Every structure is written in C-alpha cells, then in structure tokens.
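S.K.: Below: one structure in structure tokens.
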Amino acid sequence: MKVVPCISIHFNSSKFFAMKNLLNHHDLNELIDRLQTLTPENRRKWGKMSIQEVLPHMTDPLWVAIGQKTARIHKSIFYNSFLGKMIALYLPWPKGATTAPEFLPGTGGTAYTTFDQDRQALIDALQHFARHGMEQDYHPNPVFGKLSRKAWARLMWRHTDHHLRQFGA
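Under our numbering, the first residue of the sequence shown is numbered 8, with each subsequent residue one higher.
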C-alpha cells in the first residue's frame with residue numbers, strides 16, 4: 008500500500024478565540040481607552056484619511072455588521088472563501104489600501120460632524136456591536152461574506168486597531 012502525503016489545515020479554535028476581538032470586554036475597553044487618547048491634532052502615519060475622516064470610517068462597518076447601514080457586496084476571490092477570511096483575520100494588513108465608497112466620509116460613508124461627536128459615535132457603535140454579537144448573528148460582510156460572530160468581532164477589532172495605530176494611539 009502506497010502512502011500519499013496529505014496537507015491538513017488544522018483550525019485551532021482555542022487559539023483563535025484567544026485573539027483580541029470586540030466580544031471580549033477587556034479587548035473592547037482597551038480599544039475605547041486608546042480612542043480616548045486621540046485628539047484632533049493627531050496626524051496619520053500612513054494613508055490618505057485625516058483623523059476627522061477616519062472616525063466615521065471606523066464606525067460605518069460596525070453598523071453594516073448589525074444591519075443599521077447597507078453596503079454593496081464586493082464579490083471577488085475573497086468573498087465567502089477560506090483564503091479571504093484567513094487574510095482578514097490573521098495576516099498583516101497593508102497600509103493605505105483602497106476603501107469602498109460606502110466607508111468614505113462624503114462619498115457614501117457617514118459625514119464628519121465634530122471630532123468629539125464622531126469619537127463618541129464610534130464608541131457607541133463599538134459597544135452596540137459587542138452587545139449585538141452576544142445575542143445574535145451579524146449580517147454578511149460586504150467583502151468576505153458570511154462570518155461567524157467571533158470572526159466579525161476579530162475583524163472589527165483589527166480594523167479599529169489598524170486605524171488607531173495609523174494615528175499613533
């Protein structure tokens with residue numbers, strides 16, 4: 008009998024769930040504390056968005072997840088694919104990547120109001136997102152398709168963390 012090597016992909020769920028995500032109260036509060044350190048004077052380290060633009064940009068995907076805002080489905084090789092989800096959840100994100108118009112303030116995304124109002128709106132959306140995920144599933148992601156609650160929570164933690172680091176928080 009000939010033995011044929013097989014490639015096995017093992018998903019370690021305990022390791023995944025230990026990764027930072029918005030359903031973990033400690034991780035959520037850590038992000039909120041970092042948000043509180045931002046000021047209108049924070050300057051970006053990369054990308055094109057200003058601090059005023061990035062606050063609504065971080066808020067909009069949270070509302071899409073819970074169905075309070077709609078976004079066009081961006082079908083690509085990543086939509087509903089294992090590869091797309093692994094990139095979104097595990098691999099380093101590129102700096103200055105293109106953003107969907109639905110998430111750009113003024114071109115489909117929520118318009119900027121004031122720094123304090125937009126920062127508070129983001130905090131409220133983060134908290135609402137976490138409460139929602141404790142009780143029910145999220146809507147499909149416009150880029151990655153159907154995600155579990157934990158995957159959505161990990162993705163939104165990474166998105167928020169990415170932009171906080173962009174502005175030095």
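Note that beta-carbon positions come from the ideal geometry of N, C-alpha and C, so glycine has one too. Note that the structure is a prediction, hence the values are computed from the model and not measured.
Using a threshold of 9 Å, state whether the C-beta atoms of ALA95 and ARG156 are closer than that.
M.R.: A distance of 9 Å or more separates the beta carbons of ALA95 and ARG156.
S.K.: For ASN148, name the three-state secondary structure that DSSP assigns.
M.R.: strand
S.K.: ARG79: buried (16+ other C-beta within 10 angstroms of its C-beta) or exposed?
M.R.: exposed
S.K.: Note down, in chain order, each residue of its chain lying with its Cβ closer than 6 Å to the Cβ of GLY74, except the 5 sequence neighbours on either side.
M.R.: HIS146
S.K.: Can the beta-carbon of VAL71 be found less than 9 Å from the beta-carbon of PRO149?
M.R.: yes
S.K.: Quick one, which of ASP168, PHE174, PHE122, GLN173 has its alpha-carbon nearest ASN36's?
M.R.: ASP168
S.K.: Are ALA132 and LEU69 closer than 9 Å when you measure CB to CB?
M.R.: yes
S.K.: Which two residues bound the contiguous alpha helix (DSSP H) that contains GLY140?
M.R.: 122-142
S.K.: Between which two residues does the alpha helix (DSSP H) harbouring PRO99 extend?
M.R.: Run containing PRO99: none; DSSP gives neither H nor E here.
S.K.: Buried or exposed: where does HIS170 fall if 16 or more other Cβ atoms within 10 Å of its Cβ makes it buried?
M.R.: buried
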